[in-house]
Amino acid sequence: MEEAAVKEKEMETNEEEDAALIEFYSSFKDLFEFFCLNTTIHGTIRLVCSSRNKMKTAFWTLLFLASFAMLYWQFALLFSQYWAYPVVMSMSVHSAPKMFPAITLCNLNPYRVNIVRKNMAELDNLARETLYTLYGFNIPEKILEDNVSISMEDWSNGDPSKANNSNFQLDHSIALVKIGEKVGFRMCNATGGECYTKAYSSGLDAFQEWYRFHYMNIMSQVPPIINVSSEENHIDKLVYACQYNGEPCGSSDTEHFHHPVYGSCYTFNKDGTDTFWTALKPGIAYGLSLILKIEQTDHIPLLSTKAGVKVMIHNHFQTPFLEHEGFDIQPGIKSSIGITQDEVTRLGGNYGECTNSGENVNVKLMYNDTYTQQACLNSCFQHHMIEKCGCGYYYYPLPAGAEYCNYNKYHAWGHCFYLLHNQLYNQVDRHQQSCFKECHRPCKETWYKLSAGYSKWPSSKSEKWIHKALNAQNSYDITSGRKDIAKVNIYYERLDYNSWNESAEFTETLVMSNMGSQWSLWFGSSVLSVVEMFEFLVDAAILSLIFFYRRLTAKRTHKVSRPPRIPSVSLTLEKYRYVEEGLATDQDMVKHYDNYGNDSIGQNHGLPPYPKYNKYQMPELYPGVVLNGFKHRKEYCIDIGPNS
Numbered sequence: 006m007e008e009a010a011v012k013e014k015e016m017e018t019n020e021e022e023d024a025a026l027i028e029f030y031s032s033f034k035d036l037f038e039f040f041c042l043n044t045t046i047h048g049t050i051r052l053v054c055s056s057r058n059k060m061k062t063a064f065w066t067l068l069f070l071a072s073f074a075m076l077y078w079q080f081a082l083l084f085s086q087y088w089a090y091p092v093v094m095s096m097s098v099h100s101a102p103k104m105f106p107a108i109t110l111c112n113l114n115p116y117r118v119n120i121v122r123k124n125m126a127e128l129d130n131l132a133r134e135t136l137y138t139l140y141g142f143n144i145p146e147k148i149l150e151d152n153v154s155i156s157m158e159d160w161s162n163g164d165p166s167k168a169n170n171s172n173f174q175l176d177h178s179i180a181l182v183k184i185g186e187k188v189g190f191r192m193c194n195a196t197g198g199e200c201y202t203k204a205y206s207s208g209l210d211a212f213q214e215w216y217r218f219h220y221m222n223i224m225s226q227v228p229p230i231i232n233v234s235s236e237e238n239h240i241d242k243l244v245y246a247c248q249y250n251g252e253p254c255g256s257s258d259t260e261h262f263h264h265p266v267y268g269s270c271y272t273f274n275k276d277g278t279d280t281f282w283t284a285l286k287p288g289i290a291y292g293l294s295l296i297l298k299i300e301q302t303d304h305i306p307l308l309s310t311k312a313g314v315k316v317m318i319h320n321h322f323q324t325p326f327l328e329h330e331g332f333d334i335q336p337g338i339k340s341s342i343g344i345t346q347d348e349v350t351r352l353g354g355n356y357g358e359c360t361n362s363g364e365n366v367n368v369k370l371m372y373n374d375t376y377t378q379q380a381c382l383n384s385c386f387q388h389h390m391i392e393k394c395g396c397g398y399y400y401y402p403l404p405a406g407a408e409y410c411n412y413n414k415y416h417a418w419g420h421c422f423y424l425l426h427n428q429l430y431n432q433v434d435r436h437q438q439s440c441f442k443e444c445h446r447p448c449k450e451t452w453y454k455l456s457a458g459y460s461k462w463p464s465s466k467s468e469k470w471i472h473k474a475l476n477a478q479n480s481y482d483i484t485s486g487r488k489d490i491a492k493v494n495i496y497y498e499r500l501d502y503n504s505w506n507e508s509a510e511f512t513e514t515l516v517m518s519n520m521g522s523q524w525s526l527w528f529g530s531s532v533l534s535v536v537e538m539f540e541f542l543v544d545a546a547i548l549s550l551i552f553f554y555r556r557l558t559a560k561r562t563h564k565v566s567r568p569p570r571i572p573s574v575s576l577t578l579e580k581y582r583y584v585e586e587g588l589a590t591d592q593d594m595v596k597h598y599d600n601y602g603n604d605s606i607g608q609n610h611g612l613p614p615y616p617k618y619n620k621y622q623m624p625e626l627y628p629g630v631v632l633n634g635f636k637h638r639k640e641y642c643i644d645i646g647p648n649s
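Numbering-wise, my numbering comes out as the position in the sequence shown, counting from 1, plus 5.
Right under this line is the structure:
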């Protein structure tokens, strides 16, 4: 019964061990074999099933490693493409009611100002002498004389004291000269040690730039002009007739301003809020039709050398930059301008630099209209100009507390200006502080594509009656015999517009899909196979920690400072043998026992020989002592005589 109970207890212990919560591997080999035999990754079973054939095992090992390397090479290519953040542009066509764009017209005749008329006359004389020196001909004085001028009261809104006409002197040292085969002029810094030469291969371009440079210095005396007085707001001097969608244009739909080079300018549909300018149908009959007077009596003929009208088509609430985006209308010509609209939406962020309304641009705009890249570029340049040259460029607005440049007060501003302009605009890749890098494109932008057609207008057959009609209604002067009128039609070719939208070429979903395809191609497995591999790596790490811990604890257990002494039980057995055989008395044994601990273990103590045969029975001294993990058992000795 007792033996059965012991067996049942042992079985229960074994069952408890078998039902342990965690059963781990005894070696890395067992772990690897279990993984190869049970994983869903294709090809791993070949690493263990052909272990007897070392050539096959080596072949499949190399094949498995090569597939693994190819897989992660494809992963590297995939992620390198993803982190490059490429975009694709998709186009969609929309049809929806929309407003007609804003139209800006300029007459290309900048006015003279009475308060600087003397300086302008001096500049014209200097220009006449320069042309004679360079090319040997004189400009008739009557060509340069012009009685049309604007009083200072009109320009300064009734405050003539804003002008600074005290002691301005024209700088004759900045002269136009021939430089080899080119023509240009030279400007030096404040010390005269460094000079910059502005040269052109065309003498005409060089002369206009030289004249414009002196003109800016003269006009710096005139305060900034934003609004022209109502007396000069005569759009009838430029526009003889205006109609949109077959209806006459209203006078309240225009905004008047003056440009220092392009003269009086008018903007139709500036705000884009009047329902009158709603685009209903495409075609010439439903667009804007204008009859324009082309003024060929130049107020400043050496500054403005063109005859015609400057036109720009742009978005609402946008400052028109005619020097960058405008086109010219020729006199005696009928121009038909067809418009198609495109909208561009950019992603921004990691996919490109753009801004919604200039909020992430580190440039303070000097224009009150909506953000455009050109407005940012002009503002950026003006800030750099004021910072490095100490004064502002005349053609751009000024921030508070700044003033325009002139070489009477800022002697070297021309040298500073041309170097800065060349640095910020012409050498973008060589300089980190480029305005093109600071000014981002709008994330949403509207473009207008133009297609133009031209024809002579009016024709020779209809010229007379058209002139008489214009004379009767608009007091048009036909005695000069000049063809100084033009007609322009601006219309939508179609109301549909193209929308170009950027989208990411590689999204997270597409990357995961491509990764799954590559994994399936090289290993024929799924996401759960990845989990199995991860589990294998975790098990290998845990097994390494277990082996390390066992080795560490084993070293601590076996580490001793000196050899162990003889157990006391051995001395007890020795004492018993001495007493039983009568080799020593109890007192001698006690003495010997007491001195035993003082002797070194390495000494040899003479012990009496133990007889081979003992007729006495060896008693059980300590039944409960366990030696080396085994319990001491009784043994019975039988004395066998020689006759047995």
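Positions of the beta carbon are idealized from the N, C-alpha and C atoms, including for glycine.
Since we're looking at a predicted model, the values are computed, not measured.
### Task
Return the Cβ separation of Y267 and K298 in integer angstroms, given the expectation that the two are a contact with Cβ distance under 8 Å.
Not really, about 16 Å apart at Cβ, beyond 8 Å.
#### Entry: Buried/exposed call for N365, threshold 16 Cβ in 10 Å
Exposed, by the Cβ-count rule.
### Message
Any contact between the region 464-481 and the region 38-50? By contact I mean 3 or more CB pairs, one from each, below 8 Å.
### Response
no
### Query
To the nearest angstrom, how far is it from the Cα of R122 to the Cα of E134?
19 Å
### Runs of alpha helix (DSSP H) lying entirely within the region 166-252, each at least 4 residues, in chain order
Those alpha helix (DSSP H) runs which fall completely within the region 166-252 and span 4+ residues are 208-224.
### Query
Would the region 173-180 and the region 403-414 be scored as touching if the rule is three or more Cβ pairs under 8 Å?
Three or more Cβ pairs closer than 8 Å define a contact, and the region 173-180 meets that threshold against the region 403-414.
### Query
So S309 and L113 are in contact, right, with Cβ under 8 Å, and what is the actual spacing, rounded?
5 Å
### Query
Hey, out of A195, N194, T138, I184, whose CA is closest to S207's CA?
I184
### Task
Closer than 8 Å by C-beta to F322: which residues in its own chain qualify, once you throw out the five before and the five after it? Chain order, please.
K275, D276, G277, D374, T375
### Message
With H, G and I counted as helix, E and B as strand and the rest as coil, what does DSSP make of F511?
### Response
coil
### Task
Compare the beta carbon distance of C396 and E408 with 8 Å and say whether it is the shorter of the two.
Contact check for C396 against E408 passes: the beta carbons are separated by less than 8 Å.
### Query
Whose C-beta lies closer than 6 Å to the C-beta of F69 among residues of the same chain, with five residues either side of it excluded?
G48
### Task
Count the C-beta pairs between the region 348-356 and the region 450-468 that are closer than 8 Å, then say yes if the count reaches three, no if not.
yes
### Message
Can you tell me which residues form a DSSP beta bridge with G343?
### Response
S456, Y496
#### Entry: Extent of the continuous alpha helix (DSSP H) run through Y271
Segment 268-273 is the beta strand (DSSP E) holding Y271; no alpha helix (DSSP H) there.
### Message
With H, G and I counted as helix, E and B as strand and the rest as coil, what does DSSP make of N119?
### Response
helix
### Query
Helix or strand or just coil, what does DSSP make of L131?
helix
### Query
From this set, D544, Y137, V188, S518, which residue's C-alpha is nearest V532's C-alpha?
S518
### Message
Mapping the DSSP letters down to three states, classify R351 as helix, strand or coil.
### Response
coil
### Query
So does the region 91-99 actually touch the region 495-504, counting three or more Cβ pairs closer than 8 Å?
yes
### Query
Under 8 Å between the Cβ atoms of H263 and C254?
no
### Task
Pick helix, strand or coil for S465, following the three-state DSSP scheme.
coil
### Message
Tell me the rounded alpha-carbon separation between L83 and V535.
### Response
18 Å
### Query
For I296, which option in T66, Y30, D489, V188 has the closest C-alpha, if you only look at C-alpha atoms?
D489
### C-alpha gap between M650 and F80, whole angstroms
Not covered by the structure: residue 650. The range shown for the chain is 6 to 649.
#### Entry: C-beta atoms of F651 and S72 nearer than 8 Å
Outside the shown range of the chain, which is 6 to 649, sits residue 651, and nothing can be said about it.
### Local conformation of F64 per DSSP, three classes
helix
### Message
Is any non-hydrogen atom of the ligand NAP found closer than 7 Å to the C-beta of S439, if you look at the structure I gave you?
### Response
This structure simply doesn't include the ligand NAP, nor any ligand for that matter.
### Query
Would I344 be called buried (16 or more neighbouring beta carbons within 10 Å of its own) or exposed?
Around the beta carbon of I344, 16 or more other beta carbons lie within 10 angstroms, which makes this residue buried.
### Query
How should V493 be labelled, buried or exposed, when 16 other C-beta atoms within 10 angstroms of its C-beta is the threshold for buried?
buried
### Message
Please state the DSSP three-state secondary structure of M371.
### Response
Three-state result, M371: coil.
### Query
Below 8 Å between beta carbons: does that hold for T377 and H445?
no
### Query
Between which two residues does the beta strand (DSSP E) harbouring F441 extend?
Counting along the chain, no beta strand (DSSP E) covers F441; the unbroken alpha helix (DSSP H) around it starts and ends at 440-443.
### Task
Would you kindly work out how many angstroms separate the C-alpha atoms of H304 and L327, rounded to a whole number?
19 Å
### Query
Closest to A246 by CA distance: which of E510, E540, N479 is it?
N479
### Message
Could you give the first and the last residue of the continuous alpha helix (DSSP H) run that contains S294?
### Response
Unbroken run through S294 is the beta strand (DSSP E), 293-298; no alpha helix (DSSP H).
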